[in-house]
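The structure under discussion appears below in the form of structure tokens.
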Amino acid sequence: MTTVPWLTILWVLPLIGAALVFALPARMSSAARVLGLGTAVAVLLVGIFLAVGFSPNGERYQYVESQPWIPSFGSAYRLGIDGIALVLILLTVVLVPLLMLAGWHDGRAADHPEATDRDAGGSVAEPSRPRAAHTYVALMLVVEAMVLVSFSTLDVLLFYVFFEAMLIPMYFLIAGFGGRGSDRAARSRAAVKFLLYNLLGGLVMLAAMVGLYVVTAKAELGSEPGLGTFDLRVISDAAAAGELGAAPAVLNALFLGFMFAFAVKAPLWPLHGWLPDAAVQTTPVAAVLMMAVVDKVGTFGMLRYCLQLFPEASVYFAPLVVTLAVIGIVYGAMLAIGQTDLMRLIAYTSISHFGFIVLGIFAMTAQGQTGSTLYMVNHGISTAALFLIAGFLVSRRGSRAIAAYGGVQKVAPVLAGTFLVAGLATLSLPGLAPFVSEFLVFVGTYPRYQAAAVIATLALVLSALYILWLYQRMMGGPARTDPTEVHGSALTDLLPRELLVVAPLIALLLFLGLYPQPMLDAITPAVDATLVSVDLDQPEPTVPAESPVAEPGSDSGIEEGAHE
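Here the sequence shown stands for residues 105 to 668, numbered as in the numbering used here.
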């Protein structure tokens, strides 16, 4: 147990920053943005410190903290991270400062008329209502804090509290701050749909948690007779040893309760309906925060809670989940091809990619789960790059319609080039980060689910189709320079601030595509420990058996000699 509560510092720091931002006077909108960015950078430095001090081959959970919270319920303030949690924490702390910088001119009231002052890139220069920028920055920091504690908690009840609480700031980011082309009614519908879907999942999970507590109480896993526990480590150890004592039907029902909540958050087909509207109606920055960071809590929960708390149920339902994942992969890719809205197209690609992540998790192989964990990181980076560059483009032209663009590479070559790199990463081009993770998912899936792996490869063709066709329509062809189509301003290339956002994302896509080993070193031991709880034999490659050594004078020996 660490003497310095580094994990507490990690998630409390953005909460303190959010409080300070909100406390600033209304006229100090620029100071609010600077303070928010400074806080996010400070959290990044703490995350880097944790990564440097983390030992992949050390204790499974490191930087462990434990303090009493609700002892009568067997719940405590327990924090600790393994390699899976570490890489997702790093994804979060790296993306949030970049999102703060990308959304530097966001924070206006979403229902205010569009006729406001703009900077050179076409973004809104000042908020259109007092304290809007303060609220926007503070909400983003609160979301970051709740995601970080969700990744680091070792207590099931504590996880649930923050799993649900993060819906509140995310709801206000969607409902209160809209992207280009959004309107108040559509934004409200999208925010309510987001909230209802996720609240339903949370309520089902709450019922499963109550059942889990009863099971642990009957198994006498609590600190006192008759008490249950929410300690993840205690419950997972008992589950792996078959000591929970509950009937398989009960454990299956509890698994489904947790899985339903995580499938909504992920989102897994057919529980994905809230994502496209929410991603389109909010700002590009908030959409990236939701798809690249918040939604990862769902897939993380599948690895951390479903597999470890209910190993036998996870194996039992794996074929069903794999089937849903494959449908989601193909479904998301096919719908992306038919979209005419740029942002909605990217949102549907995320549904397809989350299918790959879930597929790898429930393939129940080391390669599959390692690939899925790495895919969570790589998807976050590639989606952030693609969605933010698309947002920069939309802010210039004022339209999300793909048909409104053409010839962008002639007038904004850097913007077009970075968009192409981000798009190629989305289709998992070799040499870019998502390729490694997608390849591992395929390798890990095929030994157990050959048909699923083969069908999922269709997405490779479909993703090439929607990305390359999108690039051809928007970036190729004759340049469209009609002033009326760009709201009186020329379509400019990326600004220095925008380049400062995009360059690190492109660099990460290249670095992790060529050298993913540091991530794999952290992830692999944690995945191996997770698979131990499932207790499922790992498939071995089929290798032809060696020919036995022939005895002198035998027929085999004669033939062998003849061949020689």
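Ideal Cβ placement from N, Cα and C applies to all residues, glycine included.
- Segment contact: the stretch 600-607 against the stretch 489-501, three or more CB-CB distances shorter than 8 Å; contact assigned.
- Per DSSP, the unbroken alpha helix (DSSP H) holding Leu358 starts and ends at 352-369.
- The Cβ-Cβ distance between Glu248 and Val125 does not fall below 8 Å.
- The C-beta distance from Gly402 to Ala382 rounds to 14 Å, too long to fall under 8 Å, and the pair is not in contact.
- Between the alpha carbons of Glu169 and Tyr240 lies a distance of about 31 Å.
- For Ala180, DSSP records a beta bridge to Pro172.
- Val156 counts as exposed, since fewer than 16 other beta carbons sit within 10 angstroms of its beta carbon.
- Cβ-Cβ separation between Ala237 and Arg137: approximately 6 Å, consistent with a contact (criterion under 8 Å).
- According to the DSSP assignment, Arg577 belongs to the alpha helix (DSSP H) that extends over 562-579.
- Under the three-state reduction of DSSP, Thr107 is assigned to coil, being neither helix nor strand.
- Leaving aside the five residues that flank Ala290 on each side, the residues in its chain whose CB is nearer than 6 Å to its CB run, in chain order, Gln385.
- Excluding the 5 residues flanking it on each side, His457 has same chain C-beta neighbours closer than 6 Å at His483, in chain order.
- Between Leu258 and Arg182, the C-beta gap is smaller than 8 Å, which places the two residues in contact.
- Under DSSP, Ala344 forms no beta bridge with any residue.
- Relative to Gln166, the option among Pro109, Phe543, Met204 whose CA is nearest is Pro109.
- Apart from the 5 residues on each side of it in sequence, Arg552 sits with its Cβ closer than 7 Å to the Cβ of Ala467, Met468, Thr469, Pro643 in its chain, given in chain order.
- Where Tyr420 is concerned, the enclosing alpha helix (DSSP H) starts and stops at 415-441.
- Counting along the chain, no alpha helix (DSSP H) covers Phe281, and no H or E run does either.
- Counting only runs of at least 4 residues, the stretch 480-519 fully encloses the following alpha helix (DSSP H) elements, listed from N- to C-terminal order: 512-515.
- The stretch 385-394 and the stretch 416-426 do not touch, with fewer than three beta-carbon pairs separated by less than 8 Å.
- Proximity to Asp186 across Val638, Val636, Ile627 peaks at Ile627, based on C-alpha coordinates.
- Apart from the 5 residues on each side of it in sequence, Gly315 sits with its Cβ closer than 6 Å to the Cβ of Leu358 in its chain, given in chain order.
- For Tyr165, the three-state secondary structure derived from DSSP is coil.
- By the CB criterion at 8 Å, Met250 and Met204 fall outside the cutoff.
- Asp625 sits in a helix when the DSSP states are folded into three classes.
- Here Lys322 is exposed. Its C-beta has fewer than 16 other C-beta atoms within 10 Å.
- Take Tyr301, set aside five residues on each side of it, and the residues of its chain with a beta-carbon closer than 6 Å to its own are Val368, Trp378, in chain order.
- With 16 or more other Cβ atoms inside 10 Å of its own Cβ, Thr487 counts as buried.
- The beta-carbon distance between Gly475 and Gly464, rounded to whole angstroms, is 5 Å. This is short enough to meet the 8 Å contact definition.
- Annotated three-state conformation of Asp335 is strand, per DSSP.
- Beta-bridge partners of Ile185 (DSSP): Gln166.
- Beta-bridge pairing by DSSP links Thr257 to Leu183.
- Taken through DSSP and simplified to helix, strand or coil, Asp632 comes out as helix.
- The secondary-structure analysis by DSSP pairs Thr386 across a beta bridge with Gly282.
- In this structure, the straight-line span from the alpha carbon of Arg500 to that of Ala555 is close to 45 Å.
- In the DSSP assignment, Leu536 falls outside any alpha helix (DSSP H) and carries neither an H nor an E.
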